[in-house]
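Residue numbers (this note's numbering): 1332 to 1720.
For glycine and all other residues, C-beta sits at the position ideal for the given N, C-alpha and C.
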Amino acid sequence: MLKIKPLALSIASILALAACQPPAADNSAPAQNNNAAAPAVNADGTVNIAVNDAQCEPMELTVPSGKTTFNIVNNSARKLEWEILEGVMVVDERENIAPGLTDKMTVTLLPGEYAMTCGLLTNPRGKLIVTDSGFQAPENLADMSKLAQPLADYKVYVQGEAKVLVEKTDAFVAAVKAGEIDKAKAMFADTRTHYERIEPIAELFGELDPAIDAREDDFKSVTDPEFTGFHRIEYALWEKNSVDDVKETADKLAADVKALAAEIDALNFPPHKVVGGAAVLIEEVAGSKISGEEDRYSKTDLSDFKANVEGAEKIVELFRAVINEKDPALLQTVDGNLKTVNDILAKYKTADGFQTYDKLSEEDRKNLAAPINTLAEELAKFRGTLGLN
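Here you go:
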């Protein structure tokens, strides 16, 4: 299998299993009247590239091998993206660049010819030529031939969780709209489990994630019309004991979850985001959820904790062989930390889920926080271990 050379590696929808990569434009076609040219190099050595609704500006760039920082400007009225590709593999990317704004991307490239995604995925692709500057690649370069299958398997896992999320959200929304408050309450935590397991991927979507999972703190008040999603409905169920004013919110939640599943199908899964996602899941528990702010009305926080741990465990499971090859001691430590956290969570398991979080004492929470912090620190080493920093 091909060993992909660039350092900052991401992955397109790998192999035909996802079958969701939009049809690529013919890269052999002339580059829309833009000649291959030296890029606009700034005094600090960064390179400017712009995207719009039709193309890149310019459509061809030439840079020396090694590390380059690109300033990517969105010259359109909609959110756009820019990617560097080697074949079907995404080397690195910036997604959801806001209209009129600039995003930076630093990437290390070896000599060769790459394609550029220019704004919309259906636009003609640009060309990036990397000349040989004598740059020597470091020894810990990520070997994509060993990461490709775990990444493909992870996408299947995420797609499966998204599918179940859609099904359970539809049932949850139906209960809300029917005014079946007790039934909706009983479904709330279980439905969210499938979101929490794949949260690092869901968070790649800058509009859908907050629409689905934002908290009251992000808005002027709990009645702010912009406050939507699970937690707005959670407030209605537990604090108001009435769903009269959230039926439209429930419809929107169902639509947003379906849109998320569709976006996941079409998403290029960046390796550093996937491998780093194991730490992100646990860091979120350690950084904010441990305080009880996530499910503040329902007190179903422990269900979220468990789902986050399960999501991290899946990443560890899929990348186990390549991590073990690089650092078996780290893998053994992580396995031990996961067991410790799971053993603690098991103490609070009930027949239909978990104890409500308000039943835990401050001492209980401290005893849970310490191993979660330790686990997050160890999982954060995975990216560097696999050469994905």
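Which of the three DSSP states, helix, strand or coil, is assigned to Asp1384? Asp1384: coil per DSSP, three-state reduction.
Give the list of continuous beta strand (DSSP E) stretches no shorter than 3 residues that lie fully inside the segment 1393-1464. DSSP runs (the beta strand (DSSP E)) wholly in the segment 1393-1464: 1397-1405, 1411-1417, 1420-1428, 1433-1440, 1443-1450, 1457-1462.
Limits of the alpha helix (DSSP H) - the one that Phe1558 falls within: The continuous stretches of alpha helix (DSSP H) do not include Phe1558, and DSSP gives it neither H nor E.
Measure the CB-CB distance between Ala1643 and Ile1613 and report whether it falls below 8 Å. Yes.
Do you know offhand how far Leu1699's Cα is from Glu1388's? Rounded to the nearest angstrom, the two C-alpha atoms are 52 Å apart.
Residue nearest to Thr1462 in terms of C-alpha spacing, selected from Met1447, Gln1480, Pro1442: Answer by Cα proximity: Pro1442.
Rounded to whole angstroms, what is the Cα-Cα separation between Glu1391 and Ile1595? Glu1391 and Ile1595 have their C-alpha atoms some 30 Å from each other.
What's the gap between the Cα of Gly1607 and the Cα of Glu1511? Rounded to the nearest angstrom, the two C-alpha atoms are 39 Å apart.
Three or more C-beta pairs under 8 Å: does that hold for the segment 1550-1570 against the segment 1507-1527? With a cut-off of 8 Å, the segment 1507-1527 and the segment 1550-1570 count as touching, because enough Cβ pairs lie within range.
Does the pairing of the segment 1622-1638 with the segment 1686-1703 give three or more beta-carbon distances under 8 Å? Remark: three or more beta-carbon pairs, one from each stretch, lie closer than 8 Å, so the segment 1622-1638 and the segment 1686-1703 are flagged as touching.
Express the C-alpha separation of Arg1696 and Ile1675 in angstroms, rounding to a whole number. In this structure, the alpha-carbon of Ile1675 lies about 10 Å from that of Arg1696.
Pull up the CB-CB distance for Lys1499 and Asp1521, whole angstroms please, since I reckon it's below 8 Å. Contact between Lys1499 and Asp1521 is confirmed by a C-beta separation of about 7 Å, below the 8 Å threshold.
Could you give the DSSP three-state label for Ala1371: helix, strand or coil? Strand.
Could you give the residue range of the alpha helix (DSSP H) that holds Gly1618? 1602-1618 is the extent of the alpha helix (DSSP H) around Gly1618.
Is Phe1536 helix, strand or coil when you go by DSSP? The three-state reading of DSSP puts Phe1536 in coil, since its state is none of H, G, I, E or B.
Return the bridge partner residues of Phe1685 from the DSSP annotation. Looking at the DSSP assignment, Phe1685 forms a beta bridge with Lys1680.
Assign Asn1655 to buried or exposed, taking buried as 16 or more other Cβ atoms, counted over all protein chains shown, within 10 Å of its Cβ. It counts as exposed.
The alpha helix (DSSP H) that contains Ser1634, what's its start and end? Looking at the DSSP string, the run of the alpha helix (DSSP H) that includes Ser1634 is 1632-1649.
DSSP state of Glu1624 mapped onto helix, strand, coil: Glu1624: coil per DSSP, three-state reduction.
Quick test of your reading: Ile1403 and Leu1459, contact by CB under 8 Å. State the CB separation rounded to the nearest angstrom. Contact doesn't hold; Cβ gap of about 12 Å is too wide.
Touching by the beta-carbon criterion (3+ pairs, under 8 Å), the segment 1476-1485 and the segment 1424-1435: Cβ pair count under 8 Å is below three, so no.
For Glu1709 and Asp1635, believed in contact at Cβ under 8 Å, the rounded distance: Taking 8 Å as the upper bound for CB-CB distance, Asp1635 and Glu1709 are not in contact here, some 21 Å apart.
Among the residues of its own chain, which have a CB less than 6 Å from the CB of Pro1354, if the five just before and after it don't count? Residue confidence for Pro1354 is low, a pLDDT of 38 falling below 50, so the modelled location carries little weight; the figure read from the coordinates is stated next. Result list for Pro1354: empty, nothing under 6 Å.
From the DSSP output, read off the bridge partner residues of Asn1379. For Asn1379, which the question treats as bridged, DSSP gives the partners Ala1371, Asn1402.
With a cut-off of 8 Å on the beta carbons, I'd call Ile1646 and Val1605 a contact; round off their distance for me. Confirmed, Cβ separation roughly 7 Å.
Same chain only: Cβ atoms within 6 Å of Gly1715, ignoring 5 sequence neighbours per side: Contacts found: none.
Are Glu1547 and Phe1561 touching if we call contact CB-CB under 8 Å? Cβ atoms of Glu1547 and Phe1561: not closer than 8 Å.
Pair within 8 Å by beta-carbon distance, Lys1589 and Val1497: Yes; because the gap between Cβ atoms is below 8 Å, this pair is in contact.
Residues bridged to Glu1391 by DSSP? DSSP lists Lys1458 as the bridge partner or partners of Glu1391.
The alpha helix (DSSP H) enclosing Gly1715, as first and last residue numbers: Counting along the chain, the alpha helix (DSSP H) containing Gly1715 begins and ends at 1713-1716.
Span of the alpha helix (DSSP H), counted from its first residue to its last, around Ile1595: Its alpha helix (DSSP H) spans residues 1578-1597.
Of the listed residues Lys1486, Asn1405, Ser1407, Val1378, nearest to Thr1393 (C-alpha basis): Of Lys1486, Asn1405, Ser1407, Val1378, the residue nearest in Cα terms is Val1378.
CB-CB under 7 Å to Ala1362, same chain, minus the five flanking residues each way: which ones, in chain order? Legend: pLDDT at Ala1362 = 36, less than 50; position of this residue unreliable, no value from coordinates given.
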